[in-house]
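Engineer: Have a look at this one.
Numbering (the working numbering), first residue to last: 990 to 1616.
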């Protein structure tokens, strides 16, 4: 009988957030709405909104229909308000025209009837004092929580102040405010002006040409605004002096600011498991120009610190609506690094990226036990498996996530969702040892599919030619990925697309539609079909070696009712561990027993969110019992 042991330190990871399932697009789901999020809609009521659209309705009719549709989907806890501009004064010789803006429905919850009444009473009339209205909208929002402003307009402002400058000022005053814009049948300078507002306000711009595309864009922005895009965690700040560095605990999510250019901050990590491998992840989805920071492990003693691991910092533009920055570090398996009781984590603003100083980022530490049966584990996979044709099935409607920390899980099946130009949708699938992931999307506009491992590695080199035919330039374009099976010793491989498949857990993929620039065949939303296959039988994983006296959490390792002797998360027995040590079979994670840095856990290349990383560790502990 095997002893059932698990580190309580690792068990604490289960207390952190995993990717949230968002399988229903309805905003009325109270659990899918962030009560701390606020949205102020700023609606153009100028006379040009009376012009007709391609579907025979006026722009005002389309705006009314879109507002009513979105209001009907709002949950009672959503904080939404409506401000109009250009509704009461006309003529540039009228001194009131350039201050013509009214708070039609104040920001609040459970105000759906007022919003519906305002939408039905909407009558365009005057000029376009957008800058003034935008400035007023900034004051309409509260002083805390996620705050968003959505501008809906069909033309260029004809009054001072410049709305783009107002957006810049609002963004500079408060990093938690985002400004989005929907351009309704706009081109040229009018479109450029709205793009400038969204860019300056750290938000997203959407084109709309008719009622349907306006409704879709309004739904998407409302959904985004009602979801928190904040990083989160226990606030902590490192110190320049290593001797007084604060201690980080594995399994806790922290929030730490990026230091000024050239400055360094230090943290201490105390090992709870002898010989363990430590991972550190620093990630942010905020806007900055370039890579904000780097992190690395240091070992040794004060005044004589030496680099003790691998690290990599990257920026990844998944789409125009999602830019993320990630720094990943893994500790070195060499004895001077793996046998010490503690390591120092160094955080440095090495790159001097614009907007990086003070940027709050999530910092997570994960501790992986050493492996007792490395020599008997199968070697690294040589190459990805062949493509598998999947029988067509009715598509399940789904709404993708908007961040790496929060996106829905998908299993084997066919799914459908809408994407606007410049948008991305994120999903994840859980893979266990021995399993592969196959994803294919069909789009009739240029797009990209990006896949990330539980550690944030970009799983590249697997764009699949479906049935041996290159479909990358066909219409509809088909983007497909097929991964190698998950294998512990894949981390020893130098092959791109294999070494990233070294841990079970959440494999996240982002499907992005390119910006609609110039003439666009479909400027509105398009329906994307996505086939997902989680393939392969669950295989045996590694036996993690845990120290004497470390007790298991029964919630972490529940008994199998059909085999109570086994348990779902057995460790190795004391006898097995001793025998393995005698044979030189005990290894720190990522090494074959005294290997070099090339054998450590692959350094992350790409994007990782704390929820994704922790989900990987959760699955890693779901190892099947050995015979």
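Even glycine gets a Cβ: it sits at the ideal position worked out from N, Cα and C.
A quick note: this is a predicted structure, and the numbers were derived from the prediction, not measured.
Determine the direct distance from the alpha carbon of residue 1031 to that of residue 1072, and round the result to whole angstroms.
Structural biologist: 5 Å
Engineer: If you draw a straight line from the alpha carbon of residue 1273 to that of residue 1154, how long is it in whole angstroms?
Structural biologist: 26 Å
Engineer: Let me confirm a value: residue 1479 is counted as buried when at least 16 other C-beta atoms fall within 10 Å, else exposed. Which label applies?
Structural biologist: buried
Engineer: Would you kindly check if the distance between the Cβ of residue 1345 and the Cβ of residue 1247 is under 8 Å?
Structural biologist: yes
Engineer: State the start and end residues of the unbroken alpha helix (DSSP H) segment that holds residue 1527.
Structural biologist: First-last for residue 1527: undefined, no H or E at that position.
Engineer: What's the C-alpha gap between residue 1146 and residue 1085?
Structural biologist: It is roughly 15 Å from the alpha-carbon of residue 1146 to the alpha-carbon of residue 1085.
Engineer: Indicate whether residue 1039 and residue 1118 have their beta-carbon atoms separated by less than 8 Å.
Structural biologist: no
Engineer: Given this structure, state the Cα-to-Cα distance separating residue 1251 from residue 1283, to the nearest angstrom.
Structural biologist: Approximately 11 Å, taken between the alpha carbons.
Engineer: From the DSSP output, in three-state form, read off residue 1114 for me.
Structural biologist: coil
Engineer: Are there 16 or more other CB atoms within 10 angstroms of the CB of residue 1136, so buried, or fewer, so exposed?
Structural biologist: buried
Engineer: Measure the Cβ-Cβ separation of residue 1527 and residue 1427 and say whether it is below 8 Å.
Structural biologist: no
Engineer: Here's a check: name, in chain order, each residue in its chain whose Cβ is nearer than 6 Å to the Cβ of residue 1254, leaving out the five neighbours to either side.
Structural biologist: 1227, 1248, 1336
Engineer: Taking residue 1498 as the reference, give the member of 1210, 1413, 1096, 1421 with the closest Cα.
Structural biologist: 1413
Engineer: On the three-state DSSP scale, how would you describe residue 1168?
Structural biologist: Assigned with DSSP and collapsed to three states, residue 1168 falls in strand.
Engineer: Please classify residue 1431: does DSSP put it in a helix, a strand, or coil?
Structural biologist: Residue 1431 carries a strand assignment under DSSP once its states are collapsed to helix, strand and coil.
Engineer: Can you give me the C-alpha to C-alpha distance between residue 1381 and residue 1407, rounded to a whole angstrom?
Structural biologist: 19 Å
Engineer: Helix, strand or coil for residue 1369, going by three-state DSSP, please let me know.
Structural biologist: DSSP places residue 1369 in coil when its eight states are reduced to three.
Engineer: May I have the straight-line CA-CA distance separating residue 1268 from residue 1353, to the nearest angstrom?
Structural biologist: Our two residues, residue 1268 and residue 1353, have alpha carbons roughly 8 Å apart in a direct line.
Engineer: Measuring straight from C-alpha to C-alpha, what distance separates residue 1384 and residue 1519?
Structural biologist: One alpha carbon belongs to residue 1384, the other to residue 1519, and they sit about 8 Å apart.
Engineer: Check residue 1484 in the structure and name its three-state DSSP category.
Structural biologist: coil
Engineer: Could you check the C-alpha separation between residue 1243 and residue 1316 for me, to the nearest Å?
Structural biologist: When rounded, the separation of the alpha-carbon atoms in residue 1243 and residue 1316 is 14 Å.
Engineer: In whole angstroms, what is the alpha-carbon distance linking residue 1143 and residue 1206?
Structural biologist: 14 Å
Engineer: With distances taken between CB atoms, is the gap from residue 1342 to residue 1281 smaller than 8 Å?
Structural biologist: yes
Engineer: Per the DSSP calculation, residue 1406 is bridged to which residue(s)?
Structural biologist: Note: residue 1406 sits in a beta bridge opposite 1517.
Engineer: List the whole-angstrom C-beta distance separating residue 1494 from residue 1440, where the pair is believed to meet the contact cut-off of C-beta under 8 Å.
Structural biologist: Incorrect: roughly 13 Å between the Cβ atoms, too far for contact.
Engineer: Quick check: the Cα distance between residue 1534 and residue 1358, rounded to an integer number of angstroms?
Structural biologist: The alpha-carbon separation between residue 1534 and residue 1358 amounts to approximately 6 Å.
Engineer: Taking residue 1123 as the reference, which of 1401, 1160, 1180, 1199 has the closest Cα?
Structural biologist: 1160
Engineer: Grab me the residues of residue 1473's own chain with a C-beta within less than 6 Å of its C-beta, minus the 5 sequence neighbours each way, in chain order.
Structural biologist: 1370, 1373, 1487, 1490
Engineer: Take residue 1095 and list the residues in its own chain whose beta-carbon comes closer than 6 Å to its own, dropping the five residues that flank it on each side.
Structural biologist: 1070
Engineer: In whole angstroms, what separates the C-alpha of residue 1208 from that of residue 1168?
Structural biologist: 15 Å
Engineer: Please report the straight-line C-alpha distance between residue 1195 and residue 1264, rounded to a whole angstrom.
Structural biologist: 52 Å
Engineer: Following the continuous alpha helix (DSSP H) through residue 1053, name the residue where it begins and the one where it ends.
Structural biologist: Where residue 1053 is concerned, the enclosing alpha helix (DSSP H) stretches over 1048-1062.
Engineer: Which stretch, first to last residue, makes up the alpha helix (DSSP H) that contains residue 1196?
Structural biologist: No alpha helix (DSSP H) holds residue 1196; the beta strand (DSSP E) holding it covers 1191-1197.
Engineer: Looking at residue 1134 and residue 1026, is the spacing between their C-beta atoms short of 8 Å?
Structural biologist: Yes. Within cutoff.
Engineer: Could you please give me the residues that DSSP links to residue 1026 through a beta bridge?
Structural biologist: According to DSSP, residue 1026 bridges with nothing at all.
Engineer: Using C-beta distances below 6 Å, list every residue in its chain close to residue 1125, excluding the 5 sequence neighbours before and after it, in chain order.
Structural biologist: 1090
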